[in-house]
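Colleague: Okay, handing you the structure first.
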Amino acid sequence: MKIGIYGGTFNPPHLGHLAAARTAIDALKLDKLLLMPAAIPPHKMLPENTPEQEHRLAMAEKMADALAMPNVVEVSHLELDREGKSYTSETLEILHQMYPDAQFWLLMGTDMFLTLHQWHDSRTVIRLSNICVFGRTRKDGEDVFAAQRDFLTKEYQANIVTIALPDLVDISSTRLRELLVRGKGREYLLPSIYGYILMNHLYGTDVTLKRLELPELRACSYSMIYHKRVAHVMGVEEEAVRLAKFWGADPELARHAAILHDCTKYLSLEEHLTICDKYRVELDDLERQAVKLLHSKSGACVAKYIFGEPDEVYEAIFWHTTGKRDMNLLDKIIYIADYIEPNRSFDGVDEMRKLAYTDLEQALLLGLEMTIEDMEERGVPIHSNTLGARECLIERGTTLKR
Ligand code: DGI
Ligand code: FE
Ligand code: FE
């Protein structure tokens, strides 16, 4: 088994780190890549505005999630959990005990590589691990590496591989932190990490979360969900705006509701209940037990009270999972967009897509019928608002020609 170790302060992790991780996995054919956020010892000079460890860890987790290789990429707490300064030699010794048969690859940039012989117990480091060096800019080629590589190979019997990063994102964390204070730097970050920084006001980013510009609003929303759901949310945004323009609803309200509609999807039951209690949302017994039903309620609260969205957006998110009697145009659009966005594929999706642009009520009814059928098959209790939404349409003469 080949294990890569990518250590750093990840303060914050940026697209350069992401590209390096991806390239290393490919080039070295790694079976596992450990992202290893370093502990910053208390006596060391901290860079300005360094966030709490907990935040650096959360950001590293987001980077791992965005690499979308859950069986390969892992965030290791090994160095954060140890007191004080962590020596790489010690980390490697621990890892060797954890994975006795593994072959290790330590990933590092040029600067680190050029001082490798001066590290604490560098002989142990080189004995226990192979070395993989990233070229940071195109000019760091062979000529810069060559002397150090020859030296380490002769003196320490090091095994060294150098890889050039394609389309290199040339940014350092130091420079990025300077940009962030001045309200810049978004283009160097994963949206989910940028959003996390904004929502937690890290690195001196002091923006109010009410009425954000769209890229910032999207980033915040994506920071609250897993990477695998982002495409769905983007699809709902696209579909909701298209439907709003087609049916004469406000496309910007539709867009905002779509961007935020699933933002609390991954909260725990407890977290949903805390939010709903705080904002005095009345819940019935079924809702109190069903996380699936709660994310629309808590999501609506987050949209309104954290991001300052207007009531129309609150309502559309609030009803997007069950629907209800007397849905307004925007409510219907968000419900349907969620069902038919371009990434969805299920039996009947094409029919529903066609109806969405010919008869909105029929599209809605079809969605409700499919949900009810599906719930019945799975033996899940159907919420009275779902049934009410269907009843209301039928009472008003909507029928499905199936
Ligand atoms: O959040 P999404 O996955 O994009 O979609 P959604 O908000 O429509 O949530 C779908 C989930 O909600 C799905 O697992 C079924 C569940 N759901 C929808 N209507 C009802 C329901 N669950 C219960 N118990 N009762 C309902 O009436
Ligand atoms: Fe949802
Ligand atoms: Fe959704």
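The opening residue of the sequence shown carries number 352 in the numbering used here; numbering runs sequentially from there. Beta carbons: idealized from backbone N, C-alpha and C, even for Gly.
#1: Spatial neighbours of residue 513 within its chain, please: C-beta separation below 6 Å, excluding the five flanking residues on both sides.
#2: In whole angstroms, what is the alpha-carbon distance linking residue 499 and residue 468?
#3: Are the CB atoms of residue 379 and residue 427 nearer to each other than 8 Å?
#4: What are the uninterrupted segments assigned as beta strand (DSSP E) that are 3 or more residues long and contained completely in the region 486-574, given in chain order?
#5: Looking at the secondary structure, which residues open and close the beta strand (DSSP E) in which residue 455 lies?
#6: Could you work out which residue in 612, 635, 747 is closest to residue 670 when comparing CA atoms only?
#7: Going by C-alpha to C-alpha distance, which of 725, 735, 598 sits closest to residue 708?
#8: Do you know how far the Cα of residue 614 is from the Cα of residue 694?
#9: Excluding five sequence neighbours on each side, which residues of the same chain lie with their C-beta closer than 6 Å to the C-beta of residue 714?
#10: Measure from the alpha carbon of residue 617 to the alpha carbon of each residue in 657, 603, 600, 575, then state which is nearest.
#11: Does DSSP classify residue 429 as helix, strand or coil?
#12: So if DSSP puts residue 353 in a beta bridge, which residue, or which two residues, is it bridged to?
#13: Which same chain residues end up closer than 7 Å to residue 547 when comparing Cβ atoms and leaving out the 5 residues on each side of it in sequence?
#14: Given this structure, state the Cα-to-Cα distance separating residue 466 from residue 450, to the nearest angstrom.
#15: Can you name the residues that DSSP bridges to residue 483?
#16: The beta strand (DSSP E) with residue 420 in it runs from where to where?
#17: Alpha helix (DSSP H) containing residue 364: first to last residue?
#18: What is the C-beta distance between residue 609 and residue 582, in whole angstroms, given that I count them as a contact (C-beta under 8 Å)?
#19: Give the straight-line distance between the Cα atoms of residue 381 and residue 445, rounded to the nearest whole angstrom.
#20: Using the Cβ count rule (16 or more neighbours within 10 Å means buried), how would you classify residue 388?
#21: Tell me which residue opens and which closes the alpha helix (DSSP H) that residue 703 is part of.
#22: May I ask which residues mark the beginning and end of the alpha helix (DSSP H) holding residue 388?
#23: Out of 422, 698, 486, 722, state which residue places its alpha-carbon closest to the alpha-carbon of residue 460.
#24: Using DSSP bridges, identify the partner residues of residue 359.
#25: With three or more beta-carbon pairs closer than 8 Å as the criterion, would you say the region 558-577 touches the region 637-645?
#26: Suppose you measure from the CA of residue 543 to the CA of residue 718; what does that come to, to the nearest Å?
#27: Taking only three categories from DSSP, how would you classify residue 593?
Modeller: Taking the geometry as given:
#1: Taking the sequence shown and counting its residues from 1, the one referred to as residue 513 is at position 162. Sequence-distant Cβ neighbours of residue 513 in its own chain, meaning closer than 6 Å and more than five residues away, are 484, 496.
#2: Counting from 1 along the sequence shown, the entry for residue 499 is found at position 148. Counting from 1 along the sequence shown, the entry for residue 468 is found at position 117. Each residue's alpha carbon lies about 9 Å from the other.
#3: The count along the sequence shown starts at 1 and reaches residue 379 at position 28. The count along the sequence shown starts at 1 and reaches residue 427 at position 76. With respect to residue 427, residue 379 sits apart: the two C-beta atoms are not nearer than 8 Å.
#4: Those beta strand (DSSP E) runs which fall completely within the region 486-574 and span 3+ residues are 511-515.
#5: Translated into positions along the sequence shown, residue 455 becomes position 104. Counting along the chain, the beta strand (DSSP E) containing residue 455 begins and ends at 454-460.
#6: Taking the first residue of the sequence shown as 1, we reach residue 670 at position 319. For residue 670, the closest C-alpha among the options 612, 635, 747 is that of 612.
#7: If you number the sequence shown from 1, residue 708 lands on position 357. It is 598 whose Cα lies nearest to the Cα of residue 708.
#8: Here residue 694 refers to the residue found at position 343 of the sequence shown. Here residue 614 refers to the residue found at position 263 of the sequence shown. Distance between the alpha carbons of residue 694 and residue 614 is about 18 Å.
#9: Locating residue 714 in the sequence shown gives position 363, where the first residue counts as 1. 687, 703, 706, 707.
#10: In the sequence shown, residue 617 corresponds to position 266, counting from 1. That would be 575, whose Cα lies nearest to the Cα of residue 617.
#11: The residue you call residue 429 lines up with position 78 of the sequence shown. Of the three classes helix, strand and coil, the one that applies to residue 429 here is helix, per DSSP.
#12: Mapped onto the sequence shown, residue 353 falls at position 2. Note: residue 353 sits in a beta bridge opposite 454.
#13: In the sequence shown, the residue the question calls residue 547 occupies position 196. Closer than 7 Å at Cβ, skipping near neighbours: 409, 410, 413, 574.
#14: What you label residue 466 is simply residue 115 of the sequence shown in a count that begins at 1. What you label residue 450 is simply residue 99 of the sequence shown in a count that begins at 1. Answer to the nearest angstrom: the Cα atoms are 27 Å apart.
#15: As a working note, residue 483 is residue 132 in the sequence shown. Partner(s): 458, 512.
#16: Locating residue 420 in the sequence shown gives position 69, counting from the first residue. Per DSSP, residue 420 lies in no beta strand (DSSP E) segment and is marked neither H nor E.
#17: Walking along the sequence shown from the start, residue 364 turns up at place 13. First-last for residue 364: undefined, no H or E at that position.
#18: For the purposes of this step, residue 609 is taken as the residue at position 258 of the sequence shown. For the purposes of this step, residue 582 is taken as the residue at position 231 of the sequence shown. Contact doesn't hold; Cβ gap of about 13 Å is too wide.
#19: Looking up residue 381 in the sequence shown gives position 30. Looking up residue 445 in the sequence shown gives position 94. Residue 381 and residue 445 have their C-alpha atoms roughly 19 Å apart.
#20: Here the question's residue 388 lines up with position 37 in the sequence shown. Counting C-beta atoms within 10 angstroms of its own C-beta, residue 388 has 16 or more neighbours from the protein chains shown and is therefore classed as buried.
#21: Position 352 of the sequence shown holds residue 703. Residue 703 -> alpha helix (DSSP H) spans 700-707.
#22: One-based indexing of the sequence shown puts residue 388 at position 37. Element bounds for residue 388: not the alpha helix (DSSP H) but the beta strand (DSSP E), 383-388.
#23: Locating residue 460 in the sequence shown gives position 109, counting from the first residue. The alpha carbon of residue 460 has as its nearest neighbour, out of 422, 698, 486, 722, the alpha carbon of 486.
#24: In the sequence shown, counting from the first residue as 1, residue 359 sits at position 8. For residue 359, the pairing in a beta bridge is given by DSSP as 388.
#25: Taking 8 Å as the limit for Cβ pairs, the verdict is that the region 637-645 does not touch the region 558-577.
#26: In the sequence shown, counting from the first residue as 1, residue 543 sits at position 192. In the sequence shown, counting from the first residue as 1, residue 718 sits at position 367. Those two C-alpha atoms are separated by around 31 Å.
#27: Position 242 of the sequence shown, counting from 1, holds the residue named residue 593. Of the three classes helix, strand and coil, the one that applies to residue 593 here is helix, per DSSP.
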